[in-house]
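Accompanying notes for the structure given below.
Protein chains in written order, with this note's numbering: chain S, 495 to 795; chain B, 27 to 426.
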């Protein structure tokens, strides 16, 4: 673990872990509420939001893009609900209609606008570029105590850490009502818990996590982390608090193992170039899920 | 320009793409209907994303064997294989673990896609000259479509369509009433697998034109659109094929008219435009028609209540009711009923009295469920039943 590791790998590794955990946390509740595919839908619809934000501001800047993505997510949720109610279409179909159409609109906008001068394309949106988030100002482990070097950290890291903090705090604050509403919505309603507001709040939290993670690591990690670690954790235990702990552990493990395998795996196999870290993190989370599905103590009930 | 494109007058390649897309849309729309009616639309999303690893592996295998990695048939075979594995994984996770189907879909979709991306980055590092731009399969690319590709796509699409139509009876039975289908000796699990196999075939066929991320739209949107226009399953299948084929044809034609109009997204957006128009305008289930129906029902209720008030010499204060009575020539501006108003009010009151009598009648009272406040009793009962009611009204004390 030398100085090279600090410069090249520390920041992407931490960003990957923060993104994975920030998505896995709300993912637990979405999974239990049978809304697991919301993460999938959100990660598709943010594309038009980001492109519109770029067209409006004319540059690649994090905050307008996150705002645009969040707006797009909100628009998508509203459209899905509208179609579901007005057209009496089932939820899965309404979701499928909206997210594919919005994604198609995003691709069209991207093709129509002049983005050749900036780094904005569909591939980047899908699998991000975790590997490029290196910490150029670092010289070694001692840089962690050097304020000047710390100022040169990739801005994605503090942003992702902040997002993780916000998501954790929100879940901690609303823990009891969220738990009640997730397992027994009718009972929660009789206790006077605003179930609808809570449900929307959960979707918004998920959207915030997805949009922040999307900016740093691309949408494929977002979808995988919303579902795989919570699904694996669900098969480890019957207690919600334990499930959350397991999912955090699985998400962290996927991020670390995936990043290391992507960066060093090909070298061990005699190759010369690293493979996509985002793809590898998703793959590892899938392997964990597959393993738990075969031997997990609570895989059936 | 668009007209030329629609008439297939702007070049060989554009014509190939347009006809291929139309065949694809037709097949995808009709096949997607079975999936839609079974309420499992999003399984197709998992299947289509699961094609990516197979696509990359097929490319690598073909290059390793010394062939051209871009051979469309070979890529299709590879992607079909990995889509099949993805499909089995969804099915296994749903049946053998406690995970719900949506979680299984999401897990398979993201993991297979992620693994596919890993393999894509491996492909990119292979001998640079042979980079096939496999990324073009993510969103489709019709720029360099060959005649053989178009034939493959059209023939594949029509083959899937024929299989779907041949299996339509058991498929529809399973979609509408799985319990009944089982009593008829239909293996539900096998039928579900059959639908999914067809979906997988469509996905593989559509990779080149629409790309694996958006192909699911071609399966879902036409079926959801067709559902607005008919309540009969076989018509929904036909209409979905029609809408899908139209979206493919028009979308491909539009995209051929100018640069920067990618075929796949334009086809999807064309389909979405048809969907939105149907959602608003379709007779019966459309929003506009529902709103009109609601308005007309509301007016009927107001008119009826107004007439009953007139019959009992009560003043009418409600604004809409007064306006309706006046406009229909039943009441003058000063609130006095016209002669037609008198006769229609009497008729309304007679109808109401008969309904009341019906409710207390021993052998007719079950028909009172038909009384929604608007249905005329003349439409429910036979003349001799009405005569019997009238006799009861005449003999009963205290009624008009």
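Even glycine gets a Cβ: it sits at the ideal position worked out from N, Cα and C.
Interface flag, residue 793 of chain S vs chain B, CB-CB below 8 Å: Cβ-Cβ to chain B under 8 Å: yes for residue 793 of chain S.
Within-8 Å CB hit, residue 722 of chain S to chain B: yes
Backbone CA spacing between residue 290 of chain B and residue 278 of chain B [nearest angstrom]: 8 Å
Residue 560 of chain S - containing alpha helix (DSSP H), residue span: 556–581
Candidates B:379, B:81, B:303 and B:181, of which the one nearest residue 338 of chain B by Cα: B:379
Chain-ordered neighbours of residue 729 of chain S on chain B, where CB pairs are closer than 8 Å: 123, 124 and 125
CA-to-CA distance, residue 508 of chain S to residue 655 of chain S, given in whole angstroms: 9 Å
Cβ-based burial, residue 560 of chain S [other Cβ within 10 Å; buried from 16]: buried
Secondary structure of residue 357 of chain B, DSSP reduced to three states: strand
Distance between beta carbons of residue 388 of chain B and residue 336 of chain B, contact taken as under 8 Å: Incorrect: roughly 33 Å between the Cβ atoms, too far for contact.
First and last residue of the uninterrupted alpha helix (DSSP H) at residue 370 of chain B: 365–386
Test: residue 367 of chain B CB closer than 8 Å to a CB of chain S: False, the Cβ-Cβ gap to chain S never drops below 8 Å.
Beta-carbon neighbours of residue 65 of chain B, restricted to chain S and to distances below 8 Å: For the C-beta of residue 65 of chain B, the chain S residues within less than 8 Å are, from N- to C-terminus, 584, 586 and 587.
Simplified DSSP state of residue 14 of chain B, which is helix, strand or coil: Nothing can be reported for residue 14 of chain B: it is not among the residues displayed for chain B, which extend from 27 to 426.
Cβ-based neighbour list, residue 550 of chain S, same chain, cut-off 8 Å, excluding 5 preceding and 5 following: 558 and 562
Cβ neighbours of residue 75 of chain B in the same chain (closer than 7 Å, five flanking residues each side left out): Beyond the five residues adjoining it in sequence on each side, residue 75 of chain B comes within less than 7 Å, by CB distance, of 135, 138, 139 and 238 in the same chain, given in chain order.
Terminal residues of the alpha helix (DSSP H) in which residue 97 of chain B lies: First-last for residue 97 of chain B: undefined, no H or E at that position.
Proximal residues, the stretch 614–645 of chain S versus chain B, C-beta separation under 9 Å: 616, 617, 620 and 621
With 16 other Cβ atoms within 10 Å as the buried cut-off, status of residue 744 of chain S: Buried, by the Cβ-count rule.
Distance between residue 340 of chain B and residue 22 of chain B (C-alpha atoms, nearest Å): The requested residue 22 of chain B does not occur in the structure, where chain B is confined to residues 27 to 426.
Cut-off 6 Å between Cβ atoms - residues of its own chain near residue 196 of chain B, not counting five sequence neighbours on either side: 212 and 217
Within-8 Å CB hit, residue 57 of chain B to chain S: no
C-beta neighbour in chain S for residue 295 of chain B, strict 8 Å: yes
Coil, strand or helix - residue 288 of chain B by DSSP: coil
Minimum C-alpha distance to residue 504 of chain S - residue among S:783, S:594 and S:637: Taking only the C-alpha atoms, the option nearest residue 504 of chain S is S:637.
Cβ neighbour criterion (16 or more within 10 Å) applied to residue 181 of chain B: exposed
Between the CA atoms of residue 700 of chain S and residue 155 of chain B - distance to the nearest angstrom: Here the model assigns residue 155 of chain B a pLDDT of 44, short of 50, so the residue's position is not dependable and the matter cannot be decided.
Touch test, the stretch 199–211 of chain B against the stretch 42–55 of chain B, Cβ-Cβ under 8 Å, three pairs minimum: Below 8 Å, too few C-beta pairs join the stretch 199–211 of chain B and the stretch 42–55 of chain B to call them touching: fewer than three.
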